[in-house]
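S.K.: In the UniProt record's numbering, the protein residues as written are 1 to 312.
The structure is given below, and queries will be raised subsequently.
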Amino acid sequence: MTLPRILKSGLIPATRRTFARQTATRVMGDLNNTEAMREHVRPALDPTYQFNSFAILACDDDPVVREQYRPFLLSDEISKSDWIAKLELATAAKMVDTELLAQNKDRLRILVLYGSLRTRSFSKLLAYEASRILHRLGCDVRVYNPAGLPVKDDEQHDHPKVRELRELSKWSDGHVWISPEQHGNLTGVFKNQIDWIPLSTGSVRPTQGRTLAIAQVNGGSQSFNAVNSLRILGRWMRMFTIPNQSSIPQAWTHFTDADDPVEGGNRLKPSSNRDRLVDCMEELVKYTIVMRPHFDLFGDRFSEREEAKAKK
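So, in structure tokens, the structure goes:
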């Protein structure tokens, strides 16, 4: 009988089984590095927050912003009973309430970018689903429409779509970037948006210290080329990209039909990929709540202090 079977059989007393497992780990190789893991204690779940929604109500929202930047919103009838309303998000919801809303602090401001101009763009549909999760968690979510944004050059800085994108980036606390993977990488539509966001404008850094969540959609099998590139872009934009990420394979199979009456159509079907998207949005909210009070601290650099001294 092999050692793993002996351990499962119960033939070895409990204390000796612990020692045997440790020995087995060393003999067979600790493939998952479990011996180095610190003990994980899950936060206590507060049942009063399990299915709470802190979404901005229409009566409390800016009608212009709602019309222009929240195309993901559904009717009240659907949004109160769809799959997002049924998510257990107690930990993040409690943070939103106790650390922001109850203290009269601003809602998290999240800018969402997607990378396709197709009529039925799956990166846009995924961006809308991500936005709905964030909206339920009380975020002020604004989705930028890349249609009409000129190709990056050195002349059109005053173009209305360029100014709009830059102002949204300056306004934001965090971003969500979602691109299709095309020819093994992110699309030109998506990269063009990032190219128009400067690292700095005078003393203002539009993305410095912002948090970032990333995702991609695939026409074929699952790949991570686009999210890997998005992660590199985030680093160059001096953003804090969350550890989690989402990649949807064969995206056309993961969404309901546009005219499906259930939940409004164009909705993500149940799957582990959908669960991962929820993980990413929940994680983005938690990271942004923790980090937003310290954005200025993260922008304080020794090299820049020395440079400022030299100019005096």
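Glycine included, C-beta positions come from ideal geometry on N, C-alpha and C.
Note that this is a predicted model, so its numbers are computed, not measured.
Could you tell me which residues DSSP pairs with R177 in its beta bridges?
M.R.: Per the sequence presented here, residue 177 reads as Trp, with Arg not at that position. For W177, which the question treats as bridged, DSSP gives the partners L113 and I214.
S.K.: What first and last residue would you give for the alpha helix (DSSP H) that runs through S197?
M.R.: It is Ile, not Ser, that sits at residue 197 in the sequence shown. It is not in any alpha helix (DSSP H) - I197 carries neither H nor E in the DSSP assignment.
S.K.: Cβ of I232 within 9 Å of Cβ of V176?
M.R.: No. Outside cutoff.
S.K.: Taking the beta carbon of G138 as the centre, do at least 16 other beta carbons fall within 10 Å, making it buried, or is it exposed?
M.R.: The residue in question, G138, is buried, as its Cβ has 16 or more Cβ neighbours within 10 Å.
S.K.: Are there three or more Cβ pairs, one per stretch, closer than 8 Å when the region 144–153 is compared with the region 204–223?
M.R.: No, because fewer than three Cβ pairs between the region 144–153 and the region 204–223 fall closer than 8 Å, the two stretches do not touch.
S.K.: Going residue by residue through the region 204–272, where are the continuous beta strand (DSSP E) segments of at least 3 residues, counting only ones entirely within it?
M.R.: Here the runs fully enclosed are 211–217 and 246–248.
S.K.: What are the start and end residues of the beta strand (DSSP E) that includes residue 344?
M.R.: The requested residue 344 does not occur in the structure, where the chain is confined to residues 1 to 312.
S.K.: According to the neighbour-count rule (16 or more other Cβ atoms, all chains shown, within 10 Å of its Cβ), is C280 buried or exposed?
M.R.: By the neighbour-count rule (16 or more Cβ atoms within 10 Å), C280 is buried.
S.K.: For H294, tell me which candidate among D260, F240, S272 and A308 has the shortest Cα-Cα distance.
M.R.: The option with the nearest alpha carbon to H294 is F240.
S.K.: Give me the residue from N104, A226, D76 and S81 with the minimum Cα distance to G183.
M.R.: The question names Gly, but residue 183 is His in the sequence shown. Nearest of N104, A226, D76 and S81 to H183, Cα basis: A226.
S.K.: Q68 by DSSP, collapsed to three states: which one?
M.R.: Helix at Q68.
S.K.: Could you tell me which of N244, L125, Q208 and E283 sits nearest to D257, measuring between CA atoms?
M.R.: Checked all of N244, L125, Q208 and E283; the closest Cα to D257 is L125.
S.K.: Give the straight-line distance between the Cα atoms of P63 and Q103, rounded to the nearest whole angstrom.
M.R.: When rounded, the distance between both Cα atoms is 25 Å.
S.K.: Pull up the distance between the alpha-carbon of V141 and that of T98, whole angstroms please.
M.R.: So the two alpha carbons sit approximately 20 Å from each other.
S.K.: For Q182, list the residues DSSP reports as bridge partners.
M.R.: BP columns for Q182 point to N185.
S.K.: Tell me which residues share the same chain as R132 and place their Cβ nearer than 6 Å to its Cβ, disregarding the 5 neighbours each side in the sequence.
M.R.: Excluding sequence neighbours, R132 sits near F72 and I84.
S.K.: Going by alpha carbons, who is nearest to K121 out of L212, F190 and E307?
M.R.: In the sequence as displayed, the identity of residue 121 is Ser instead of Lys. Considering only alpha carbons, the answer is F190.
S.K.: Give the straight-line distance between the Cα atoms of I110 and L297, rounded to the nearest whole angstrom.
M.R.: Between I110 and L297, the C-alpha separation is close to 20 Å.
S.K.: Could you say which of D61, E306, V262 and I248 lies nearest to A127 if we only look at CA atoms?
M.R.: Cα-wise, what sits closest to A127 is I248.
S.K.: Just mark M237 as buried or exposed, buried being the case when its beta carbon has 16 or more other beta carbons within 10 Å.
M.R.: Buried.
S.K.: In whole angstroms, what is the alpha-carbon distance linking R66 and S303?
M.R.: If I take the Cα positions, the gap works out to 42 Å.
S.K.: Are the beta-carbon atoms of L165 and I197 separated by less than 9 Å?
M.R.: Yes, the Cβ-Cβ distance between L165 and I197 is below 9 Å.
S.K.: Could you please give the first and the last residue of the uninterrupted alpha helix (DSSP H) stretch that includes residue 313?
M.R.: Any property of residue 313 remains undetermined from this structure, which presents the chain solely from 1 to 312.
S.K.: To the nearest whole angstrom, what separates the beta carbons of T211 and L117, a pair I think is in contact under 8 Å?
M.R.: Contact flag wrong, Cβ pair sits at about 27 Å.
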